[in-house]
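Sequential numbering from 214 applies to the sequence shown in our numbering. We treat Cβ as the ideally placed atom computed from N, Cα and C, and that holds for glycine. Quantities reported herein were computed from a predicted structural model and do not represent experimental measurements. Written below as structure tokens is the structure these notes are about.
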Amino acid sequence: MLIDLNCDMGESYGAWQMGSDELMLEIVTSANIACGFHAGDPDVMAITLDNASQKRVGIGAHPGFFDLPGFGRRRIIGDSPLQIQRQVIYQIGALKALAESQGMRLQHVKTHGALGNMAAEDDDLAMAVAKAIYLVDKDLIMVVMPGMRTETAALKVGLPVIREIYVDRAYAENGNLLSRKLPGAVLHDPVMASERILRMMEQNAIVTANGTLIPVPIDSLCVHGDTPGAVEMARSVRRLLETQGIAFATMDKVLAAKA
Numbered sequence: 214m215l216i217d218l219n220c221d222m223g224e225s226y227g228a229w230q231m232g233s234d235e236l237m238l239e240i241v242t243s244a245n246i247a248c249g250f251h252a253g254d255p256d257v258m259a260i261t262l263d264n265a266s267q268k269r270v271g272i273g274a275h276p277g278f279f280d281l282p283g284f285g286r287r288r289i290i291g292d293s294p295l296q297i298q299r300q301v302i303y304q305i306g307a308l309k310a311l312a313e314s315q316g317m318r319l320q321h322v323k324t325h326g327a328l329g330n331m332a333a334e335d336d337d338l339a340m341a342v343a344k345a346i347y348l349v350d351k352d353l354i355m356v357v358m359p360g361m362r363t364e365t366a367a368l369k370v371g372l373p374v375i376r377e378i379y380v381d382r383a384y385a386e387n388g389n390l391l392s393r394k395l396p397g398a399v400l401h402d403p404v405m406a407s408e409r410i411l412r413m414m415e416q417n418a419i420v421t422a423n424g425t426l427i428p429v430p431i432d433s434l435c436v437h438g439d440t441p442g443a444v445e446m447a448r449s450v451r452r453l454l455e456t457q458g459i460a461f462a463t464m465d466k467v468l469a470a471k472a
């Protein structure tokens, strides 16, 4: 069995440092790189791309709301789906240009923070994101939470899809992530989180905070790069799954193996 392990990174900005990207790139197989709206800047983006390429890690755009002060985790209300579509195109385009200037090609797109959570439950936002990706490059993989609106939109427009679950986050009963405002939403114990992921993979299901099983296909695992202890979290889950005979590969290779 092949699975991808992805991480949100490139989220430093100017003198503000976030995450341990170089260490994480030793562990993960795909990198979701911030595009300047919620975090990141041209220097950080270019350096992260170069480091990922050297480690043979798949690279993808990580667009979010235009919200540097809130790190893209505040719900922005009022922008139309067309405005969101243009914002996502803008962000993908920025990273795509930097990647191509360095001889690289984007593999995927994954929404960040509040934009991702809102699009997962809103048909219009989900379609705005899917259309944005398709208009930039119809071969880009759209990373989605399985069973949510974003998965439906991606399949409707004809994008290749990777379905991911989160190592370090708890789930609500509708299959979306539990709000960070609620206790237990962010997981910090790497051993417990890794064992939980193994159970999910064995059962082919998400386990919600209340213990409900939601059957889903699983192609990728995500660790948030800004979570304290993120490197050990990623290392722990990879180590445990490899002992169970599960191999790790970039998203494109995971999809190719399923074809």
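Does DSSP classify residue i as helix, strand or coil?
i: Asn387; result: coil
i: Arg286; result: coil
i: Leu468; result: helix
i: Ile431; result: coil
i: Asn423; result: coil
i: Val301; result: helix
i: Ala460; result: strand
i: Ile410; result: helix
i: Arg393; result: coil
i: Val241; result: coil
i: Glu224; result: coil
Measure how close the beta-carbons of residue i and residue j come, nearest whole angstrom, since I'm counting them as under 8 Å.
i: Glu334; j: Arg362; result: 6 Å
i: Ala443; j: Gly232; result: 7 Å
i: Phe284; j: Gly253; result: No, Phe284 and Gly253 are not in contact; Cβ-Cβ is about 11 Å, not under 8 Å.
i: His275; j: Met464; result: No, His275 and Met464 are not in contact; Cβ-Cβ is about 13 Å, not under 8 Å.
i: Gln296; j: Gly249; result: The pair is not a contact, with the Cβ atoms about 17 Å apart (cut-off 8 Å).
In angstroms with no decimal places, state the Cα-to-Cα distance between residue i and residue j.
i: Pro217; j: Ser266; result: Residue identity differs from the one stated: residue 217 is Asp in this sequence, not Pro. Answer to the nearest angstrom: the Cα atoms are 16 Å apart.
i: Ala366; j: Asp336; result: 7 Å
i: Lys471; j: Ala228; result: 42 Å
i: Leu426; j: Ile419; result: 6 Å
i: Gln230; j: Arg409; result: 30 Å
i: Asp221; j: Asp292; result: 24 Å
i: Leu308; j: Leu328; result: 18 Å
i: Leu215; j: Asp432; result: 8 Å
i: Glu455; j: Gly316; result: 32 Å
i: Arg451; j: Ala422; result: 23 Å
i: Asp352; j: Met414; result: 27 Å
i: Phe279; j: Ile290; result: 12 Å
Among the residues of its own chain, which have a CB less than 8 Å from the CB of residue i, if the five just before and after it don't count?
i: Glu239; result: Lys268
i: Ile473; result: This structure leaves residue 473 out entirely; the chain is present only between 214 and 472.
i: Lys389; result: Here residue 389 turns out to be Asn, not Lys, going by the sequence shown. Around Asn389: Asn330, Ala333, Glu334, Met358 and Met361.
i: Met258; result: Gly223, Ile246, Ala247, Cys248, Gly249, Ala307, Leu308 and Leu311
Can you find the residues in the same chain that come closer than 7 Å, C-beta to C-beta, to residue i, ignoring five residues on each side of it along the sequence?
i: Ala332; result: Thr324, Leu338, Ala339, Val342, Arg362 and Thr363
i: Glu224; result: Met231, Gly232, Ala247, Ala252, Gly253, Gly438 and Asp439
i: Ala312; result: Leu262, Ile272, Arg318 and Leu319
i: Leu400; result: Asp381, Arg382, Ala383 and Ala406
Skipping 5 residues on each side, what residues in its chain have a beta carbon closer than 6 Å to that of residue i?
i: Glu377; result: Val356, Ser433 and Cys435
Segments assigned beta strand (DSSP E), at least 3 residues, entirely inside the region 303 to 356: none
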